[in-house]
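In the working numbering, the protein residues as written are 15 to 427.
Don't be surprised by glycine CBs; every beta carbon is placed ideally from N, CA and C.
Right, one structure below, let's go through it.
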């Protein structure tokens with residue numbers, strides 16, 4: 015009887031935090047710190063309402079992954095060095111996908127199975143389809159010049175990339191960190207799971223945290239880089255856009271972008287497919303499914319899977335601090351890049367464009383556009399910039415996907 019009780023106690027999570035084969039002396043306090051991080055994210059999601067739809071699943075995934083003995087996820091199953099020797103990896107060999115899948119299905123936990131959707135790029139692409147179904151490209155079609163502001167807002171992506179290289183990160187890690195500047199969570203996840211999966215938890219948390227903090231981060235730069243006169247500019251109403259244009263646009267963008275940057279095809283293709291479902295007028299049921307049921311399910315799976323990769327070994331390091339700082343820098347520079355592009359276009363058009371809408375060039379839809387609207391109305395209560403800001407905003411979605419494709423084409427093995 016005593017032996018049975020002893021065996022039971024040895025299997026408890028409390029025992030596995032302190033004793034057991036292969037348990038490091040610092041394992042217990044690192045586990046407690048990870049629980050603390052998870053509880054902080056739960057607080058931010060529920061109480062502060064910071065991106066709750068994704069931060070809450072990420073927090074629960076982080077908590078579940080750091081429960082001693084639960085064995086819900088084995089991140090090592092998804093890395094080549096678990097199967098291959100250092101010499102094989104140096105020679106450029108990769109583990110066959112079939113070997114990885116066999117290991118996951120035979121020995122993996124529940125979240126290992128869910129993580130396959132991240133590993134194979136399924137969740138980010140399907141979320142982009144939902145985003146496309148909810149996105150209105152009318153403003154961009156009516157004012158194609160908005161595309162330039164969306165492109166200008168990608169400046170932070172490449173500045174952070176080179177900054178990460180200077181700080182000692184590898185090119186693949188730097189590309190994953192840089193994409194935070196696009197303020198697009200699914201894109202950051204898709205790039206990171208391919209180029210630097212060991213950084214996935216930190217990068218996803220940074221990306222979604224900064225998206226939630228847009229109303230706090232952007233306004234100081236908007237007021238710093240624009241004059242009061244510029245902020246008061248009232249833009250003329252946009253021209254009407256025909257249904258034919260709305261249908262042709264997603265098809266044309268898919269073809270053009272995929273030809274130029276083939277690695278961006280999964281994101282752009284599904285983004286535009288979702289938009290086509292919405293605008294064509296004959297697939298209302300599919301459009302609603304993409305916007306609601308499918309989007310919600312994929313968000314839960316993605317959040318839990320990504321959060322579960324944030325174990326103590328990967329997350330509690332100086333790299334995480336650098337990622338948070340570089341991500342914030344990337345986001346701020348992207349905001350400035352969009353604003354400066356807006357100022358340039360304001361000058362070229364002789365005051366017809368309010369440069370505030372350039373800040374919406376980051377791809378956080380529609381939060382960045384709402385911030386531009388708010389700042390515009392503070393300067394001029396009769397100003398209404400929301401629809402104008404949506405042009406650069408949705409252009410930023412396209413721009414971040416293209417930037418992701420560039421990094422993938424350059425560094426994906």
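Whose CA, out of the options, lies closest to the CA of residue i?
i, options, result
"residue 351", "236, 270, 137, 300", "236"
"residue 168", "420, 266, 424", "420"
"residue 116", "305, 367, 130", "130"
"residue 279", "170, 87, 205", "205"
"residue 306", "146, 61, 53, 96", "146"
"residue 86", "76, 93, 346", "76"
"residue 252", "273, 366, 192", "366"
"residue 270", "240, 283, 288", "283"
"residue 211", "297, 357, 329", "329"
If you reduce the DSSP assignment to three classes, tell me which class residue i lands in.
i, result
"residue 45", "helix"
"residue 348", "helix"
"residue 396", "coil"
"residue 82", "coil"
"residue 249", "coil"
"residue 152", "helix"
"residue 198", "coil"
"residue 71", "helix"
"residue 107", "coil"
"residue 93", "coil"
"residue 297", "coil"
"residue 330", "coil"
"residue 65", "coil"
From residue i to residue j, what distance separates their C-alpha atoms?
i, j, result
"residue 411", "residue 243", "29 Å"
"residue 300", "residue 151", "19 Å"
"residue 405", "residue 344", "21 Å"
"residue 158", "residue 416", "17 Å"
"residue 209", "residue 182", "16 Å"
"residue 55", "residue 73", "6 Å"
"residue 429", "residue 45", "Residue 429 lies beyond the range of the chain shown here (15 to 427); nothing can be said about it."
"residue 136", "residue 285", "13 Å"
"residue 100", "residue 425", "20 Å"
"residue 388", "residue 122", "48 Å"
"residue 161", "residue 409", "5 Å"
"residue 124", "residue 177", "37 Å"
"residue 394", "residue 247", "8 Å"
"residue 331", "residue 262", "48 Å"
"residue 139", "residue 180", "31 Å"
"residue 64", "residue 187", "26 Å"
"residue 304", "residue 47", "37 Å"
"residue 192", "residue 19", "52 Å"
"residue 368", "residue 249", "7 Å"
"residue 93", "residue 239", "45 Å"
"residue 335", "residue 202", "17 Å"
"residue 134", "residue 302", "25 Å"
"residue 314", "residue 78", "14 Å"
"residue 508", "residue 132", "No information on residue 508 is available, as it lies outside the stretch 15 to 427 that the chain covers here."
"residue 173", "residue 95", "31 Å"
"residue 49", "residue 71", "14 Å"
"residue 5", "residue 281", "Past the boundaries of the shown model lies residue 5; the chain is included only from 15 to 427, so the question cannot be answered."
"residue 245", "residue 226", "24 Å"
Going along the chain, which residues of its own chain have a beta-carbon closer than 6 Å to the beta-carbon of residue i, five neighbours each way excluded?
i, result
"residue 118", "91, 126"
"residue 290", "264"
"residue 255", "152, 155, 156"
"residue 199", "221, 222"
"residue 267", "286"
"residue 373", "232, 236, 349, 352, 353, 386"
"residue 316", "137"
"residue 277", "419, 422, 423"
"residue 163", "352, 355, 356, 372, 375, 406"
Return yes when the C-beta of residue i is under 6 Å from any heavy atom of the ligand MG, and no when it is not.
i, result
"residue 296", "This structure lacks the ligand MG; in fact it carries no ligand of any kind."
Counting only the same chain and skipping the five closest in sequence on each side, list residues whose C-beta sits under 7 Å from that of residue i.
i, result
"residue 220", "194, 337, 338, 341"
"residue 98", "107, 109"
"residue 69", "55, 58, 59, 222"
"residue 275", "416, 419, 420, 423"
"residue 259", "155"
"residue 320", "72, 75, 132, 203, 214, 215, 218"
"residue 89", "323, 325"
Spell out whether any CB of chain B is found under 7 Å from the CB atom of residue i.
i, result
"residue 362", "Among the chains in the structure shown there is no chain B, since it carries only a single protein chain."
So, for residue i: in the same chain, excluding its five sequence neighbours on each side, which residues have a beta-carbon less than 8 Å away from its beta-carbon?
i, result
"residue 228", "197, 376, 378, 381, 382, 385"
"residue 257", "293, 295"
"residue 348", "167, 168, 169, 170, 171, 195, 196, 197, 375, 376"
"residue 165", "355, 375, 409, 413"
"residue 428", "Nothing about residue 428 can be reported from this structure: the residues present for the chain run from 15 to 427 only."
"residue 224", "194, 197, 231, 341, 342, 345"
Does the segment 211 to 218 come within contact of the segment 315 to 329, defined as at least 3 CB pairs closer than 8 Å?
yes
Given 8 Å as the limit, is there contact between the segment 68 to 82 and the segment 348 to 367, that is, 3 or more CB pairs closer than that?
no
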